[in-house]
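In terms of my numbering, the first sequence opens at residue 240 and continues consecutively.
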Amino acid sequence: MVQRMAQLAKLDDIVALCKRRGFIFQSSEIYGGLASCYDYGPLGVELKRNVREAWWKAVVKMRDDVVGLDCSILMHPLVWKASGHADKFADLVTVCKKCNTRSRVDHLADHHGHAEEHTEHVDIDKAAATPHDLSRKVCPACGAVGQFGAPMAFRLMFETQMGANVEDTMTLFLRPETAQGIFVNFRNVLDTTRVKIPFGIAQIGKSFRNEVTTKAFIFRTREFEQAELEFFCAPGTDDEWYEHWKAERFRWYTDLGIRKENLRFREHDPDELAHYAKACVDVEYRFPFGQGDWQELEGIANRTDYDLRQHQRGMRTVNDWMAAGRDLTAIGLKEEAEDYLSGPLSYFDEQTRQRFIPYVIEPSAGVDRSTLAFLVDAYDEEEVRGEVRNVLRFHPALAPVKVAIFPLVKKDGMPETARALYDDLKRRYASFYDEKGAIGRRYRRQDEAGTPYCVTVDGQTKEDGTVTMRDRDSMEQIRVPLDQVRTWLSEKLDV
RNA sequence: GCGGGUGUAGCUCAGUGGUAGAGCGUCACGUUGCCAACGUGAAUGUCGUGGGUUCAAGUCCCAUCACCCGCUCCA
240 MVQRMAQLAK LDDIVALCKR RGFIFQSSEI YGGLASCYDY GPLGVELKRN
290 VREAWWKAVV KMRDDVVGLD CSILMHPLVW KASGHADKFA DLVTVCKKCN
340 TRSRVDHLAD HHGHAEEHTE HVDIDKAAAT PHDLSRKVCP ACGAVGQFGA
390 PMAFRLMFET QMGANVEDTM TLFLRPETAQ GIFVNFRNVL DTTRVKIPFG
440 IAQIGKSFRN EVTTKAFIFR TREFEQAELE FFCAPGTDDE WYEHWKAERF
490 RWYTDLGIRK ENLRFREHDP DELAHYAKAC VDVEYRFPFG QGDWQELEGI
540 ANRTDYDLRQ HQRGMRTVND WMAAGRDLTA IGLKEEAEDY LSGPLSYFDE
590 QTRQRFIPYV IEPSAGVDRS TLAFLVDAYD EEEVRGEVRN VLRFHPALAP
640 VKVAIFPLVK KDGMPETARA LYDDLKRRYA SFYDEKGAIG RRYRRQDEAG
690 TPYCVTVDGQ TKEDGTVTMR DRDSMEQIRV PLDQVRTWLS EKLDV
């Protein structure tokens, strides 16, 4: 219990620090805020960019078998029919008046065990308007019969309208995941980049989900950023690649400074798996909120050949959709073709002379969640001479500012020398110059922003050409020749 | 959506129906010169928002927004 309180206090401290130092603000704050939405301030935007770049470097740049992509957020409505989101992302939910438990209407059974059939083509407005007889349904939580409130409709995808002319506007969805943009471009990439299976396509971008509840600061928000890789491989090699990406992705977090004891895998039980997934594991971080919960940072799934097969069905449904007046709820996906294995999204392997639908291993990471985890894990308070020192022990690659440059005092030519050094360093590293106030205060301010190194030009600089190099974590200082500062930093920072 | 809690300066928080406060931080000047130093001064408030009660509301009442905790939900 004591530990739990400490953890709760810790998240509060981090939220306060985020606000105080300009990492993360509530969205639309001066208007009273907008639920579940957050803005990244000057330091936060640098941190988040660094997280993205670290991911892109590890997943795309450092590999010969992965290429990048950046898709539009708005896509053809049938994409979401094929992916299953258009149906599964719209539910009717009711609340048991007795125990206040929420259940999906289509999951409720009466005491004979008959669940209402899950209709595949849900028009949420029609479904909400249709009377539902729940008088004999049993609450799965408390067993009460017929104690349900009126069903509430949930739209789990955001909708928007495309077209300025009211008469030919089309309802579109904001993507609930970036993955589908990759599947939809599989053929394009294959035809234009000379990639050969096994290979992956990576993308970082915003996604949107109308979560029923949001949670814990930026952990679960309705607008969020994903970093996703779809790695295409031959059936039969998928288990191997699944293990490969599990190891790669776990190591990415620990290489960037997440402590191993705060990170773990959680393998999904077979009955927990989505119907198309052969295996799925979450990379979880022990966040200091809730009960000190392990919470998902990233899911790594073996999605088999499901997605590409679904999109082959989707492609064949376009005419039906047009004929139905572009009404997504009025149609069903075309059945899978008999020769689907040689369909438009199949792959021909020249070595084995075989054609197949590739299997997909999908590491899907939450950028905002990772950013929060890096913040939480880096956060430290320590007592120095009776004072609390707040320090963010970021990995150099993630630190928003890499180096701060100070003149010890604002006279005797020190500002000029320091300024010249700053002008040189900023071309290579995110740098910060400060000549105001006591030196100790300037150091501490940088500790709180997570800046790994501070360089101070002092009286000795004029005499022997050296400056003080101060280390964030140990607070130790060494002297480095002015003209070797850049080299010295590159050894420490370019890791 | 339900239950509990919170909302006052940039941050942390005091504030008995009767003049809007403190500490920290920020800024300026001076001093000092390597770890949140000192002195002097300054700026900073839709008291979350909107109604109501009252001679008078930060304080009481109603509604609403946001955040936190617990349920619930969770491609």
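Beta carbons: idealized from backbone N, C-alpha and C, even for Gly.
Span of the beta strand (DSSP E) around residue i
| i | result |
| --- | --- |
| GLN534 | 533-543 |
| ARG433 | Here ARG433 belongs to no beta strand (DSSP E), and DSSP marks it neither H nor E. |
| PRO281 | Here PRO281 belongs to no beta strand (DSSP E); instead the alpha helix (DSSP H) covers 281-295. |
| SER585 | Neither: SER585 is in no beta strand (DSSP E) and is coded neither H nor E. |
| SER266 | Neither: SER266 is in no beta strand (DSSP E) and is coded neither H nor E. |
| MET561 | No beta strand (DSSP E) contains MET561, which is instead part of the alpha helix (DSSP H) from 557-562. |
| THR408 | Premise fails: THR408 is in no beta strand (DSSP E) and is neither H nor E. |
| VAL525 | Per the sequence shown, the amino acid found at residue 525 is Arg instead of Val. Segment 518-525, the beta strand (DSSP E) holding ARG525. |
| ILE600 | 598-605 |
| THR726 | Run containing THR726: none in the beta strand (DSSP E); it sits in the alpha helix (DSSP H), 724-732. |
| GLY307 | 305-307 |
Contact belief for residue i with residue j at Cβ below 8 Å, rounded distance in angstroms
| i | j | result |
| --- | --- | --- |
| GLU464 | VAL606 | 4 Å |
| ARG260 | GLU687 | 6 Å |
| PRO602 | ILE539 | 5 Å |
| THR705 | VAL694 | 11 Å between Cβ atoms; not a contact. |
| GLY444 | CYS310 | 7 Å |
| LEU584 | ARG414 | Between ARG414 and LEU584 the Cβ distance is about 19 Å, and since that is not below 8 Å, they are no contact. |
| ARG542 | VAL599 | 4 Å |
| MET409 | GLY420 | Their Cβ separation, rounded to whole angstroms, is 18 Å, which puts MET409 and GLY420 out of contact at 8 Å. |
Backbone CA spacing between residue i and residue j [nearest angstrom]
| i | j | result |
| --- | --- | --- |
| PRO509 | ALA516 | 9 Å |
| ILE312 | LYS300 | 24 Å |
| GLU450 | PRO527 | 21 Å |
| PHE613 | ASN289 | 11 Å |
| THR690 | SER729 | 15 Å |
| GLU356 | HIS507 | With a pLDDT of only 45 at GLU356, under the threshold of 50, the placement of this residue in the model should not be trusted, and no figure is reported. |
| GLU467 | ARG624 | 46 Å |
| ARG302 | CYS276 | 34 Å |
| VAL241 | VAL615 | Its pLDDT being 35, under 50, VAL241 is placed unreliably in this model, and the coordinates cannot settle the point. |
| LYS675 | LYS650 | 11 Å |
| ARG243 | SER713 | Residue confidence for ARG243 is low, a pLDDT of 38 falling below 50, so the modelled location carries little weight and cannot support an answer. |
| ASN629 | GLN685 | 10 Å |
| GLU535 | GLY271 | 30 Å |
| LYS485 | ALA563 | 43 Å |
| ALA545 | GLY553 | According to the sequence provided, residue 545 is Tyr. The question's Ala does not apply to it. Roughly 12 Å separates the two Cα atoms. |
| HIS550 | LEU308 | 18 Å |
| GLU511 | VAL520 | 11 Å |
| ARG683 | PHE447 | 38 Å |
| ILE717 | LEU637 | 24 Å |
| LEU572 | SER322 | 10 Å |
| ALA659 | VAL696 | 11 Å |
| GLU292 | GLU462 | 20 Å |
| ARG780 | LEU411 | It is not possible to answer for residue 780, since the shown part of the chain is limited to 240 through 734. |
| ARG666 | VAL318 | 44 Å |
| VAL724 | LEU647 | 17 Å |
| PHE489 | ASN501 | 12 Å |
| GLU702 | GLU487 | 50 Å |
Nonlocal neighbours in the same chain, by C-beta distance under 6 Å from residue i, ignoring five residues either side
| i | result |
| --- | --- |
| TRP491 | ALA297 |
| GLY496 | HIS634 |
| LYS287 | TYR279 and THR610 |
| TRP294 | ALA466 |
Bridge-paired residues (DSSP) for residue i
| i | result |
| --- | --- |
| ILE644 | TYR672 and VAL694 |
| MET708 | VAL694 and ILE717 |
| ARG505 | ASP521 |
| GLN443 | The sequence as given places Ile at residue 443; Gln does not occur at that position. Bridge partners of ILE443: ALA466. |
| ARG594 | PHE587 |
| ASP278 | PHE264 |
| LEU395 | Partner(s): none; LEU395 has no beta bridge. |
| GLN699 | Beta-bridge pairing links GLN699 to no other residue. |
| VAL623 | GLU626 |
| TYR579 | Paired residues: none, contrary to the question. |
Close-in-space but distant-in-sequence residues of the same chain around residue i (CB under 8 Å, 5 per side omitted)
| i | result |
| --- | --- |
| VAL306 | VAL299, VAL428, THR432, VAL434, PHE438, GLY439, ILE440 and ALA441 |
| TYR668 | LYS641, VAL642, LEU728 and LEU732 |
| THR700 | MET653, THR656, VAL706 and LEU721 |
| LEU580 | ARG594, PHE595 and ILE596 |
| LYS499 | THR493 |
Cβ-based neighbour list, residue i, same chain, cut-off 7 Å, excluding 5 preceding and 5 following
| i | result |
| --- | --- |
| ILE436 | PHE471, CYS472, ALA473, TYR586, ASP588 and PRO597 |
| GLY280 | GLY261, PHE262, ILE263 and PHE264 |
| ALA255 | none |
Residue i: first and last residue of the uninterrupted alpha helix (DSSP H) it sits in
| i | result |
| --- | --- |
| ILE678 | 678-688 |
| SER322 | 316-322 |
| ARG658 | 653-664 |
| ASP494 | 477-494 |
| VAL423 | 418-423 |
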